[in-house]
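Residue numbers (full-length UniProt numbering): 1 to 1127.
Here you go:
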């Protein structure tokens, strides 16, 4: 599930990178702070044991305030609430009302975290539930978190003869979806538990087929139109007259001169309230299809300028709901559209999802041609998106003006069956078309026009071409239009059929061609390994002649192997080298593939080429010679020693993270897998959600032969932890493991269990160990006092290991085994709420585990007792003030048993900080990979060195190459910028203002200059960046005395991992009027002398430093600290 390009509302923002597992350079996301605020206002610890009882609006905030925080609350279809941070590998779960005692499984891959209650596993295993319902990362990305929606959108498919009644599930039906025998529904989150009870109490095998998440998809001309031969069709009299083309997109700006009078009908299916194009995507697409070019004097005329448009708005600014797309497709067919353009899509799971079902059903029933973008997920193979992966879709990739495949264009083969996709290509790079007057995207070209790139832009070129053909052949159905366009396409001889299908659309040729084939391509079935007994596979191709004279064709077939070399002789063949097709008739030939002739495993592709005296017709062909493959058999055995129907497996290939679900009610599952390394996460549960569970991971599974795994619950040992005080309450129980997926920080894959009752959890690793530097495991238990006190104490007891997951644990903890950490928290505005958290980190670069979030007071104190053996602690605080938030993130620390530590948090001066090497999984600093510079630097770190992320009123981060602005983001200390490969000088600026959360450091800015050039490899290289830290002696209110000279220690801190350099120059200026006027302060070594006037209330600081390598930094902190008058 993916989101459409997101445009954020104005208002306050917040960055919180704490506990993040993030792909390099990914920006954080926006959201409100109500999720954690509600619990803090109620004085509730956020753990895994309590029901979600806090009122969702317990703390009301500024309605215009948004945040880029990792604090998200997500209510699942089960009614359970997950509290998760962006990129986290673990979560806090609050069981829904009446679901106390439920155990949860978790699984994470780079960019995704799944949280699955054990009572959902059976329905998932049977294929009755969409896995996306439990992908909390994707739910947040789609805007389905609790801060943005109070309901969960669903699609429920059912058998054709058993339509679903609204009261069956206790959810509201929003629209019927006859194309998929389904209904779109919304389940109120406040009623989600009841909906889940109705689901689990209903016989899903009779009536309900499957429950899907109604997910979000994304909307994926002066040179490009002639490039595809449209002017030739115009000269022949074909301009699209009388043909209806539906544009299912973000809406169309009907006021644009190029589109005036073009729209015959319009309807809004999106969550927005009108058919206007607030993005600009749909208008651009529509004008590429049928724009008149009126505003440009015809220069930017569309492909079929006389076609009629239907405006089906299925996308809002935040994305395109699946149910809206399906409803729009049905509407387009009902309106009599010949062609529908869908420049949108999302990741294809390989399953027959509702979008693909609708495309295939409506194509067959109504004869409409769906022209659909292949997707912008290139350049790897197997990246075709849904619904472009639908069999009947005319799927479009993108080329540039030189006919080269666009780097972003998704490639085949199709996920699941290795079939040929895309079907065709078209220009999709730098396409100039109409700009929506209410749109926001695109690079301005001429007045009223913008340039965009993507398969979204290629698709309307093909849709417009289909409209020209439809005018020429008004009786043709979609299948015939598709056949004519693909048969006449112009191939790029350097590309294979999985990259381009038949080639680039050539409508100028299509209108004069009479020969087509059925099918339009031959995707032959994969031949299983080993190949000692491979048999030839044959398929019939039917040639149709729509002309008025007989046509003789010479036939030949070429082929290319997986290695890019010509396929061996005999791998592809055709049964004849010449045929004659009668006028208006057809002739069949047989194409045969014999993979025994191959010597390399993988996909073979080729083209059946039919030539006459005047034309050439091409039909792509492909077959896969399966790579070395073996059978994995998993036996699931219950605690009673018998095969169980409640055993489940999640299998991931380590080379590409391809997912396979393992389930069979017999208790034995067999799957064929390519040779390679895998991670298998096994669970055996009981019949009820409160029964004991066994977690039986095989994280080091290597398939080199037929392999059997015994996932036997009897192998698992219980998790037993006895805290030093028997009155303590377990707030979080977590058992997990992570395996490194790549050398890039944060790229881990793993799983675990979250529970509020350790006695129900049993664990064991099955299969071999991994090297210690490849696998880390943790048992994480966090405890609180039964009765809260003004200065509370928390107990965080965790153990780690390397190489294998835990096979049970039995720990009795005494006080002398713990370190005592006393925290003093600085001030916050009156009425604030605050919390303290800490996550254990497995040493060795593994990501942090979860944390219970305990309420504290600011100002105030608290004490934590933590285990110390082979574990670091990743600590932080959360402050909610006036509907806004501040997050402080301590550097990961190790402690010694028996010692007492004193930490001061939330004291000034607040300013920019840089991560330590051990902190790289939370902050990326300023780094470069290849030709991209990523910025991830907190601007509001406190005096302890903790990184600080704060709600902001305004924020920006910009990068300049010389005097040229590379790009700019609206995030504080955050951005991702594509840069030239050659060496150059850069200037990076960032600034943020804030109010409501603190009366100091109300504006912070920084400017860095440095040099950089191309970096090889995928691991981030830290750039030569420094920050200046100020350390005046301040009281507990962040104030110093007026009327005296103050020593202000200064330190220039280099980014760890960057080339080291000494400080050559350091200066400081001071302001007492919030930066209107500045005066220099003398700097003696690393100490500045700052005068505090009697009549001043605040001191602002501006420091400049130059390093020996020539890099510089200038930092400004307005209202760095307060001044108090001596009594």
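All residues carry an ideal CB built from backbone N, CA and C; glycine is no exception.
Bear in mind that the values here come from a model prediction, so they are computed numbers and not experimental data.
{"Check": "Under DSSP, the beta strand (DSSP E) around residue 117 begins and ends at which residues?", "Outcome": "112-117"}
{"Check": "Could you tell me which of 951, 230, 225 sits nearest to residue 511, measuring between CA atoms?", "Outcome": "230"}
{"Check": "Mark residue 514 as exposed unless 16 or more other C-beta atoms lie within 10 angstroms of its C-beta, in which case mark it buried.", "Outcome": "buried"}
{"Check": "If you pair each beta-carbon of the segment 86-102 with each one of the segment 187-199, do three or more pairs fall below 8 Å?", "Outcome": "yes"}
{"Check": "I think residue 121 touches residue 154, with their Cβ atoms under 8 Å apart; what is that distance to the nearest whole Å?", "Outcome": "Incorrect: roughly 19 Å between the Cβ atoms, too far for contact."}
{"Check": "Under 9 Å, do residue 662 and residue 679 count as touching if we go by C-beta distance?", "Outcome": "no"}
{"Check": "Shortest alpha-carbon distance to residue 208 belongs to which of 1056, 261, 129?", "Outcome": "129"}
{"Check": "Just reading off the alpha helix (DSSP H) that residue 329 is part of, what are its end residues?", "Outcome": "322-334"}
{"Check": "May I ask you to report which of helix, strand or coil DSSP gives residue 462?", "Outcome": "helix"}
{"Check": "Can you tell me where the beta strand (DSSP E) holding residue 177 begins and where it ends?", "Outcome": "172-177"}
{"Check": "Measure the Cβ-Cβ separation of residue 336 and residue 244 and say whether it is below 9 Å.", "Outcome": "yes"}
{"Check": "Would you call the segment 573-592 in contact with the segment 363-382, where contact means no fewer than 3 C-beta pairs closer than 8 Å?", "Outcome": "no"}
{"Check": "Return the CA-CA distance between residue 986 and residue 924, expressed in angstroms with no decimal places.", "Outcome": "18 Å"}
{"Check": "Out of 500, 813, 612, point me to the one whose CA is closest to residue 549's CA.", "Outcome": "612"}
{"Check": "Could you tell me the alpha carbon to alpha carbon distance between residue 526 and residue 655, rounded to whole angstroms?", "Outcome": "20 Å"}
{"Check": "Taking residue 138 as part of the alpha helix (DSSP H), name the residues at either end of that continuous run.", "Outcome": "136-141"}
{"Check": "Using a 10 Å radius around the Cβ and a threshold of 16 neighbouring Cβ atoms, would you call residue 1079 buried or exposed?", "Outcome": "exposed"}
{"Check": "Select from 279, 428, 593 the residue whose C-alpha is nearest the C-alpha of residue 438.", "Outcome": "279"}
{"Check": "Short of 8 Å in beta carbon distance, which residues of its chain neighbour residue 116, apart from the five on each side in sequence? Order them along the chain.", "Outcome": "104, 105, 106, 107, 124, 134"}
{"Check": "Run the CB neighbour count on residue 457, radius 10 Å, all protein chains shown included, and call it buried at 16 or more, exposed below.", "Outcome": "buried"}
{"Check": "Short of 7 Å in beta carbon distance, which residues of its chain neighbour residue 897, apart from the five on each side in sequence? Order them along the chain.", "Outcome": "816, 817, 818, 819, 868"}
{"Check": "Could you check what DSSP says for residue 359 in three-state terms: helix, strand or coil?", "Outcome": "helix"}
{"Check": "Report the rounded CA-to-CA distance for residue 485 versus residue 626, giving the unit in angstroms.", "Outcome": "31 Å"}
{"Check": "Do residue 608 and residue 524 have their beta-carbon atoms positioned less than 9 Å apart in this structure?", "Outcome": "no"}
{"Check": "Within a Cβ cutoff of 6 Å, which residues of the same chain sit near residue 266, ignoring the five residues on either side of it in sequence?", "Outcome": "275, 311"}
{"Check": "What residue range does the alpha helix (DSSP H) around residue 185 cover?", "Outcome": "First-last for residue 185: 182-188, but that is the beta strand (DSSP E), not the alpha helix (DSSP H)."}
{"Check": "According to the neighbour-count rule (16 or more other Cβ atoms, all chains shown, within 10 Å of its Cβ), is residue 545 buried or exposed?", "Outcome": "buried"}
{"Check": "Would DSSP call residue 1044 helix, strand or coil?", "Outcome": "strand"}
{"Check": "Near residue 423, which residues of its chain fall below 6 Å by C-beta distance, leaving aside the five closest residues on each side in sequence?", "Outcome": "394, 395, 486, 501"}
{"Check": "Starting from residue 123, trace the alpha helix (DSSP H) both ways and give me its first and last residue.", "Outcome": "121-125"}
{"Check": "Consult DSSP for residue 421 and reduce its assignment to one of helix, strand or coil.", "Outcome": "coil"}
{"Check": "Rounded to whole angstroms, what is the Cα-Cα separation between residue 320 and residue 219?", "Outcome": "8 Å"}
{"Check": "If you follow the alpha helix (DSSP H) that residue 593 is in, where does it begin and where does it stop?", "Outcome": "Counting along the chain, residue 593 falls outside any alpha helix (DSSP H), though it belongs to the beta strand (DSSP E) covering 586-593."}
{"Check": "With the cut-off set at 9 Å, would you say residue 728 and residue 850 are in Cβ contact?", "Outcome": "no"}
{"Check": "Would you give the residue range spanned by the beta strand (DSSP E) that residue 634 belongs to?", "Outcome": "629-637"}
{"Check": "At 4 residues or longer, and completely inside the segment 339-385: list those alpha helix (DSSP H) runs for me, N to C.", "Outcome": "354-366"}
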